[in-house]
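First comes the structure, then the notes that go with it.
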Amino acid sequence: MEQKTKKSPYQIKVGDFVFAKVPGFCAWPARILQDEGKMYRVYFYGSNNICKVTKSQIFEYEKWKDRFGNVEKNTFNIFKDAMKHVEYSIAHPGNDDSYFQALATLGIPNLANLPDKNSPAAPLSPSSSFASPEWGMRKKKKTAPFIHITGDSD
1 MEQKTKKSPY QIKVGDFVFA KVPGFCAWPA RILQDEGKMY RVYFYGSNNI CKVTKSQIFE
61 YEKWKDRFGN VEKNTFNIFK DAMKHVEYSI AHPGNDDSYF QALATLGIPN LANLPDKNSP
121 AAPLSPSSSF ASPEWGMRKK KKTAPFIHIT GDSD
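Right, here's the structure in full:
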């Protein structure tokens, strides 16, 4: 009789690319900012939000990419932008400005030991739309100003 071998659990490290599942939302591409024991602080691509999640809410990016990262099934433009951003960040981890900005906002030193964004190892394309921190943010709709019409009962 063969013994079943246990799968080695995924070891989460600061700087890892993951999908994080928060109740009420689909699994979203994210990156680990900080290990806080039983909780992990993650940075969500596209929305630029930061949230605490448990280990059970985190899925390894490469392993779950086909299931959670299917942009054809997901009709949200912000999700498609988030997937493009995370793919770029995986290819150029030292140029992930939004992630480094989130680290700085929280006062967390660069624990991932990533190359500096000015490193020649991963040049940033000037035509890349990922360079600005507003990348992936939806533009607000412009509304006409309220004009009071005389004789109106408002």
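Counting from 1, one number per residue, gives the positions in the sequence shown under the UniProt record's numbering. Don't be surprised by glycine CBs; every beta carbon is placed ideally from N, CA and C.
Contact between Gly94 and Pro29 is ruled out by a C-beta separation of about 18 Å, above the 8 Å threshold. A residue is called buried when at least 16 other Cβ atoms come within 10 angstroms of its Cβ; Ser56 does not meet this threshold and is exposed. The beta-carbon distance between Leu33 and Val18, rounded to whole angstroms, is 11 Å. This is too long to meet the 8 Å contact definition. Annotated as distal: Ser98 and Ile78, with beta-carbon spacing of 8 Å or more. Taken atom to atom, the span from the alpha-carbon of Ile58 to that of Cys51 is near 12 Å. Per DSSP, the unbroken alpha helix (DSSP H) holding Lys63 starts and ends at 61-68. Here Tyr40 is bridged, per DSSP, to Asp35, Val53. If you look at Ala104, you'll find it isn't in any beta strand (DSSP E); it sits in the alpha helix (DSSP H) that goes 97-106. Annotation: Ala27 is outside any alpha helix (DSSP H) and is labelled neither H nor E by DSSP. Boundaries of the alpha helix (DSSP H) around Val86: 77-91.
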